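S.K.: Can you read through this structure? Questions will come right after.
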Amino acid sequence: MARTKSEERAESKKLAYLKALERKLLWLSAWTIHNANHIREARDGLKVGGHQASCASVATLMTALYFDVLRPNDRVAVKPHASPVFHAIQYLFGNQSRDKLKQFRSLGGAQSYPSRTKDGDDVDISTGSVGLGVGLTLFASMVRDYIQLHRLAPEQEQPGRMIAIMGDAELDEGNVYEALLEGWKHDVRNLWWMIDYNRQSLDRVVNDKLFQKIKDFFQAVGWQVVILKHGKLQQAAFERRGGAALRQWIDDCPNELYCALTFKGGAAWRERLLRDIGAVAGMRELLGDHSDDALQALMTNLAGHDMKSVLEALNAVDSDVPHCFIIYTIKGYGLPFAGHKDNHAGLMNVEQMADFQNAMGIAEGNEWEPFAGMDIDEQGLRRFLEEVPFNQAGAARQLAADKVPLPAVFDVRASGKTSTQEAFGRVLNDLGRGDSELARHIVTTSPDVTVSTNLGGWVNQRGIFNRADREDVFHSEKVVSMQKWALSRNGQHIELGIAENNMFLLLASLGLSAPLFGARLLPVGTVYDPFIARGLDALNYACYQDARFMLVGTPSGISLAPEGGAHQSISTPLIGMGQPGLTLFEPAYADELAEIMLWGFGHMQDADGGSLYMRLSTRAIEQPRREMNETLRGDILHGAYWRAAPAPDAPLALAYCGALAAEAEEAYQALLEDIPGAGLLAVTSPDRLHGDWLAARRARSAGEGAGAPSHIESLLAQLRPGAALISVLDGHPATLSWLGSVAGHRPYPLGVTSFGESGDANALYRKHAIDTDAILDMAALACLDAVR
Ligand SMILES: Cc1ncc(C[n+]2csc(CCOP(=O)(O)OP(=O)(O)O)c2C)c(N)n1
Ligand SMILES: [Mg+2]
Numbered sequence: 040m041a042r043t044k045s046e047e048r049a050e051s052k053k054l055a056y057l058k059a060l061e062r063k064l065l066w067l068s069a070w071t072i073h074n075a076n077h078i079r080e081a082r083d084g085l086k087v088g089g090h091q092a093s094c095a096s097v098a099t100l101m102t103a104l105y106f107d108v109l110r111p112n113d114r115v116a117v118k119p120h121a122s123p124v125f126h127a128i129q130y131l132f133g134n135q136s137r138d139k140l141k142q143f144r145s146l147g148g149a150q151s152y153p154s155r156t157k158d159g160d161d162v163d164i165s166t167g168s169v170g171l172g173v174g175l176t177l178f179a180s181m182v183r184d185y186i187q188l189h190r191l192a193p194e195q196e197q198p199g200r201m202i203a204i205m206g207d208a209e210l211d212e213g214n215v216y217e218a219l220l221e222g223w224k225h226d227v228r229n230l231w232w233m234i235d236y237n238r239q240s241l242d243r244v245v246n247d248k249l250f251q252k253i254k255d256f257f258q259a260v261g262w263q264v265v266i267l268k269h270g271k272l273q274q275a276a277f278e279r280r281g282g283a284a285l286r287q288w289i290d291d292c293p294n295e296l297y298c299a300l301t302f303k304g305g306a307a308w309r310e311r312l313l314r315d316i317g318a319v320a321g322m323r324e325l326l327g328d329h330s331d332d333a334l335q336a337l338m339t340n341l342a343g344h345d346m347k348s349v350l351e352a353l354n355a356v357d358s359d360v361p362h363c364f365i366i367y368t369i370k371g372y373g374l375p376f377a378g379h380k381d382n383h384a385g386l387m388n389v390e391q392m393a394d395f396q397n398a399m400g401i402a403e404g405n406e407w408e409p410f411a412g413m414d415i416d417e418q419g420l421r422r423f424l425e426e427v428p429f430n431q432a433g434a435a436r437q438l439a440a441d442k443v444p445l446p447a448v449f450d451v452r453a454s455g456k457t458s459t460q461e462a463f464g465r466v467l468n469d470l471g472r473g474d475s476e477l478a479r480h481i482v483t484t485s486p487d488v489t490v491s492t493n494l495g496g497w498v499n500q501r502g503i504f505n506r507a508d509r510e511d512v513f514h515s516e517k518v519v520s521m522q523k524w525a526l527s528r529n530g531q532h533i534e535l536g537i538a539e540n541n542m543f544l545l546l547a548s549l550g551l552s553a554p555l556f557g558a559r560l561l562p563v564g565t566v567y568d569p570f571i572a573r574g575l576d577a578l579n580y581a582c583y584q585d586a587r588f589m590l591v592g593t594p595s596g597i598s599l600a601p602e603g604g605a606h607q608s609i610s611t612p613l614i615g616m617g618q619p620g621l622t623l624f625e626p627a628y629a630d631e632l633a634e635i636m637l638w639g640f641g642h643m644q645d646a647d648g649g650s651l652y653m654r655l656s657t658r659a660i661e662q663p664r665r666e667m668n669e670t671l672r673g674d675i676l677h678g679a680y681w682r683a684a685p686a687p688d689a690p691l692a693l694a695y696c697g698a699l700a701a702e703a704e705e706a707y708q709a710l711l712e713d714i715p716g717a718g719l720l721a722v723t724s725p726d727r728l729h730g731d732w733l734a735a736r737r738a739r740s741a742g743e744g745a746g747a748p749s750h751i752e753s754l755l756a757q758l759r760p761g762a763a764l765i766s767v768l769d770g771h772p773a774t775l776s777w778l779g780s781v782a783g784h785r786p787y788p789l790g791v792t793s794f795g796e797s798g799d800a801n802a803l804y805r806k807h808a809i810d811t812d813a814i815l816d817m818a819a820l821a822c823l824d825a826v827r
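Numbering (this note's numbering) for the sequence shown: 40 to 827.
Put into structure tokens, the structure is as follows:
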């Protein structure tokens with residue numbers, strides 16, 4: 040449709056504003072990094088760093104997105120090293136302070152990589168570990184669909200697009216492909232991945248034919264691939280005589296040569312082009328019409344630096360099919376090291392910066408002025424900025440959701456022998472059968488271990504989530520099975536393929552649905568405990584963003600005896616203790632598990648709460664006959680309680696965690712004959728005990744008075760100093776060995792320190808010295824030591 044004159048005028052005015060803003064972002068990002076490295080006082084002699092070249096290559100794209108294309112309900116993951124561009128955008132919007140930019144990469148300043156929790160300027164999705172932010176956007180689009188189809192989304196909130204602005208080297212991360220495949224299975228929508236195709240990573244220039252492979256990958260899983268290669272200048276030149284040969288030469292030019300010539304500039308381009316295609320009719324004229332500077336501008340006029348080309352491509356999208364944009368750019372575009380293969384962490388030196396500042400028309404002292412050096416009417420630009428669609432919501436982009444009310448108790452009715460994994464399945468099954476608000480907000484997920492981690496009952500009640508309804512063929516064909524796997528948009532279990540990393544990214548997305556989408560979800564993910572390690576970086580990433588979820592690692596330890604060493608977990612308790620934002624519990628009994636789960640669903644919703652990791656077992660053990668009461672509940676949640684308190688003069692106590700409760704109990708009974716006052720300490724959360732203990736010590740050391748003793752200090756005050764403390768768990772002994780240092784006891788830690796193998800539990804417990812006899816042997820040693 041032909042545009043009117045006034046529409047054309049408005050369009051060209053907008054373009055002028057956007058180009059001015061693009062220059063401003065290039066300047067501010069480079070200056071922010073320069074200031075941090077060369078101007079701010081260095082206190083520790085360490086390099087500060089920053090990525091001027093990586094910022095330069097996305098300045099155009101990010102300008103087009105943030106100042107024109109994006110809407111407030113879109114959510115964006117910005118490639119980590121473009122953080123200064125992001126902060127500069129927020130600065131121009133008025134959402135970021137000058138001081139934070141000045142303090143970039145220092146304590147309290149803008150973060151080196153965009154951070155949801157540490158930056159205050161509207162970061163949607165943290166990035167840093169390359170590939171993960173990209174994957175997260177895919178799962179976030181699934182989650183957005185989920186809450187829409189479950190009618191959990193706030194009414195006024197329309198689904199936005201999930202967008203990753205990514206470096207081309209992020210495509211080397213395997214997690215990207217794991218996510219792509221899962222996304223295809225789940226028919227993801229409203230997802231844009233925008234590849235800053237500067238053909239450079241940290242160390243080197245990437246392979247020439249990479250784009251073709253990228254294209255193939257994405258098309259194979261149903262994505263629309265859009266390639267933005269040539270800018271308007273180049274396109275115009277291609278129309279001239281000799282233009283076709285020029286185009287062919289560019290298309291055939293190896294990435295390394297293109298980068299090198301970009302770095303060298305106009306004269307080098309001319310020499311090379313004359314040598315290669317100078318004989319082509321019209322070529323000499325074409326080159327002759329360009330000064331060296333103009334030729335450099337022409338040859339570096341890739342679409343990713345051509346505002347008009349970028350806007351056209353982005354504004355042309357009219358479907359919700361996932362889109363991959365391969366956007367040709369030059370790393371360091373507009374900066375003196377453009378194209379140089381060593382430019383990744385390269386910084387302009389002081390002289391280069393002075394030249395750049397001069398070229399940008401920014402007077403000394405005006406470096407931070409938002410409108411300095413802009414050859415444009417300032418009032419008009421200010422108005423334009425005020426009207427930018429993305430910035431209309433302001434602080435309202437930070438969403439929240441009400442807390443989901445919780446029942447007073449989870450009734451597990453366990454008697455006789457049962458395992459924590461079985462009890463976990465029962466709690467969820469009961470929830471699934473009811474119609475509580477809590478159940479409505481729970482979403483479960485598992486990487487192909489749904490049935491073997493006891494989620495089957497819940498899934499039978501609640502069904503599997505799928506955008507399109509599909510019946511369970513086995514069920515309709517009357518094939519007898521315990522599992523009803525009906526797929527529907529109402530389903531509350533998201534079944535994933537065996538890619539643990541994907542599950543953690545999905546948990547991260549589900550666990551951010553309150554701040555991102557205004558809908559509270561309570562995600563529960565199950566995984567075989569040893570395979571937590573497979574998704575560990577994504578788990579760390581989820582916690583880093585303060586996503587809230589319940590992770591269930593089950594089965595765990597060498598108790599998974601016949602499965603062999605590769606399936607038995609050893610160090611996961613230490614992971615649970617060491618991971619910020621994640622609280623590890625390892626209950627022994629069903630009633631403990633029920634209390635922990637209930638507390639967990641609250642903790643996941645508390646403003647200063649966090650996520651939960653329950654390490655469970657398939658080992659069925661005799662359940663204690665007891666009534667829950669406030670004291671016991673509090674002790675379980677704080678991490679430990681005396682099953683049998685020691686007598687005041689007792690020389691020894693046993694401490695256990697998890698499934699080894701049975702061995703500890705048996706050893707304890709045997710010990711009573713010789714040591715009638717011995718104690719038996721049940722540890723439900725080494726993590727909470729340890730954290731609380733450290734916090735109490737820190738508070739005291741900071742001069743905050745004696746304060747209340749930590750939970751473990753109170754408990755161990757009952758055991759006389761110098762007594763032996765034997766600890767045992769099906770995991771690394773360091774999990775509990777520190778207990779000895781709390782109140783001056785002698786630690787005798789038992790646990791697993793080498794790989795297991797196939798066997799029955801008795802054989803393996805013996806071999807790894809965590810059985811009843813091993814506990815008794817250790818007790819004998821402790822008694823001997825006491826008299827030596
Ligand atoms: C998982 C992980 N490994 C390594 C790094 C270190 N690193 C940061 S950026 C980068 C290369 C990025 O290249 P590319 O994605 O092409 O971004 P560009 O700077 O070219 O835009 C590397 C290896 C990281 N951040 N995360
Ligand atoms: Mg790159």
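We put the CB at the ideal spot given by N, CA and C, even for glycine.
Every value quoted in this text rests on a predicted model; they were computed, and no experiment measured them.
Do the region 320-337 and the region 238-247 touch if we need at least three Cβ pairs shorter than 8 Å?
M.R.: The region 320-337, when compared against the region 238-247, does not touch it at the 8 Å Cβ threshold.
S.K.: Give me the Cα-Cα distance between R79 and S165, rounded to the nearest whole angstrom.
M.R.: Rounded to the nearest angstrom, the two C-alpha atoms are 26 Å apart.
S.K.: To test your reading of the DSSP string, which unbroken alpha helix (DSSP H) runs of 4 or more residues are found completely within the region 198-224?
M.R.: Runs found: 213-224.
S.K.: Opposite L621 in the DSSP bridges: which residues?
M.R.: Beta-bridge pairing links L621 to S650.
S.K.: Per the contact definition of three or more C-beta pairs closer than 8 Å, is the region 317-330 in contact with the region 265-285?
M.R.: The region 265-285 is in contact with the region 317-330.
S.K.: Is the Cβ-Cβ distance between S598 and D769 less than 8 Å?
M.R.: The answer is yes: Cβ separation under 8 Å.
S.K.: Which class does C298 belong to by DSSP, given the choice of helix, strand or coil?
M.R.: C298: helix per DSSP, three-state reduction.
S.K.: Just how far apart, CA to CA, sit S145 and A127?
M.R.: Straight-line Cα distance between these residues: approximately 16 Å.
S.K.: Between the Cα of V124 and the Cα atoms of A98, D107, Q522 and K303, which residue gives the shortest distance?
M.R.: Among A98, D107, Q522 and K303, the Cα nearest to that of V124 is on A98.
S.K.: Tell me the rounded alpha-carbon separation between E408 and M101.
M.R.: So the two alpha carbons sit approximately 20 Å from each other.
S.K.: At 4 residues or longer, what runs of the alpha helix (DSSP H) sit wholly inside the region 87-139?
M.R.: Here the runs fully enclosed are 91-103 and 122-132.
S.K.: So what's L146 in DSSP terms, helix, strand or just coil?
M.R.: Here L146 sits in coil by DSSP.
S.K.: Can you tell me which of A179, E217 and G88 puts its alpha carbon nearest to the alpha carbon of G536?
M.R.: Taking only the C-alpha atoms, the option nearest G536 is E217.
S.K.: Using C-beta distances below 8 Å, list every residue in its chain close to A276, excluding the 5 sequence neighbours before and after it, in chain order.
M.R.: G282, L285, L325 and L337.
S.K.: Is F429 near L109, with beta carbons less than 8 Å apart?
M.R.: Cβ distance < 8 Å, so F429 and L109 count as in contact.
S.K.: Is the beta carbon of K118 within less than 7 Å of some heavy atom of ligand 1?
M.R.: Within the cutoff, so yes.
S.K.: Would you check if the distance between the CB atom of R422 and the CB atom of D226 is smaller than 8 Å?
M.R.: Cβ distance not < 8 Å, so R422 and D226 don't count as in contact.
S.K.: Between which two residues does the alpha helix (DSSP H) holding T484 run?
M.R.: Note, T484: premise wrong, no alpha helix (DSSP H); beta strand (DSSP E) at I481 to P486.
S.K.: Given K239, which residues of its chain have a CB within under 6 Å of its CB, disregarding the five upstream and five downstream residues?
M.R.: It should be noted that the sequence gives Gln, not Lys, for residue 239. Closer than 6 Å at the Cβ level, and outside the excluded window around Q239, lie K370.
S.K.: For the alpha helix (DSSP H) containing P725, list its first residue and its last residue.
M.R.: Its alpha helix (DSSP H) spans residues P725 to S740.
S.K.: What residues in its chain sit with their C-beta under 6 Å from that of L719, if we drop five residues either side in the sequence?
M.R.: So the list reads R682, A683, L693 and Y707, once near-sequence residues are dropped.
S.K.: Compare the beta carbon distance of N229 and D381 with 8 Å and say whether it is the shorter of the two.
M.R.: It is not a contact, given that the beta carbons lie outside the stated cut-off.
S.K.: Are three or more beta carbon pairs between the region 249-269 and the region 129-138 nearer than 8 Å?
M.R.: At 8 Å Cβ cutoff, the stretches do not touch.
S.K.: For the beta strand (DSSP E) holding G592, just list the boundary residues, first then last.
M.R.: Note, G592: beta strand (DSSP E), M589 to G592.
S.K.: With 16 other CB atoms within 10 Å as the buried threshold, where does V722 fall?
M.R.: V722 should be labelled buried.
S.K.: Who are the near neighbours of A92 in its chain, counting only those whose CB is closer than 7 Å to its CB and skipping five residues on each side?
M.R.: Once the five neighbours on either side are set aside, the close Cβ partners of A92 are K370, G371, L374, F376, N382, H383 and G385.
S.K.: State the CB to CB distance for the pair E625 and G697, rounded to an integer number of angstroms; the pair is presumed to be in contact (CB under 8 Å).
M.R.: About 4 Å separates the two Cβ atoms, so the contact holds.
S.K.: In the DSSP assignment, find the unbroken beta strand (DSSP E) run with L177 in it and report its ends.
M.R.: From DSSP, L177 is part of no beta strand (DSSP E) but of the alpha helix (DSSP H) over L171 to L188.
S.K.: Locate the alpha helix (DSSP H) running through R805, then write down its first and last residues.
M.R.: Unbroken alpha helix (DSSP H) run through R805: A800 to K806.
S.K.: Please confirm if the region 737-747 is in contact with the region 761-779, defined as three or more CB-CB distances below 8 Å between the two stretches.
M.R.: Contact between the region 737-747 and the region 761-779 is absent, because fewer than three Cβ pairs lie under 8 Å.
S.K.: In terms of residues, what are the limits of the beta strand (DSSP E) holding E534?
M.R.: It spans H532 to L535 - the beta strand (DSSP E) in which E534 sits, taken as one unbroken run.
S.K.: Confirm the yes/no value for this check: CB of D235, any heavy atom of ligand 2, distance under 7 Å.
M.R.: Yes.
S.K.: Sorry if obvious, but does the Cβ on A208 come closer than 7 Å to a heavy atom of ligand 2?
M.R.: Answer for A208: yes, Cβ within range of ligand 2.
S.K.: Counting C-beta neighbours from all protein chains within 10 Å, is the total for L711 16 or more, i.e. buried, or is it exposed?
M.R.: So L711 counts as exposed.
S.K.: Comparing C-alpha positions only, which one of H379, Y56 and Y297 sits nearest to A241?
M.R.: The question names Ala, yet the displayed sequence has Leu at residue 241. For L241, the nearest C-alpha among the options comes from H379.
S.K.: On the premise that P569 lies in contact with Q607, defined as a C-beta separation below 8 Å, what is that separation, rounded to the nearest angstrom?
M.R.: Between P569 and Q607 the Cβ distance is about 6 Å, and since that is below 8 Å, they are a contact.
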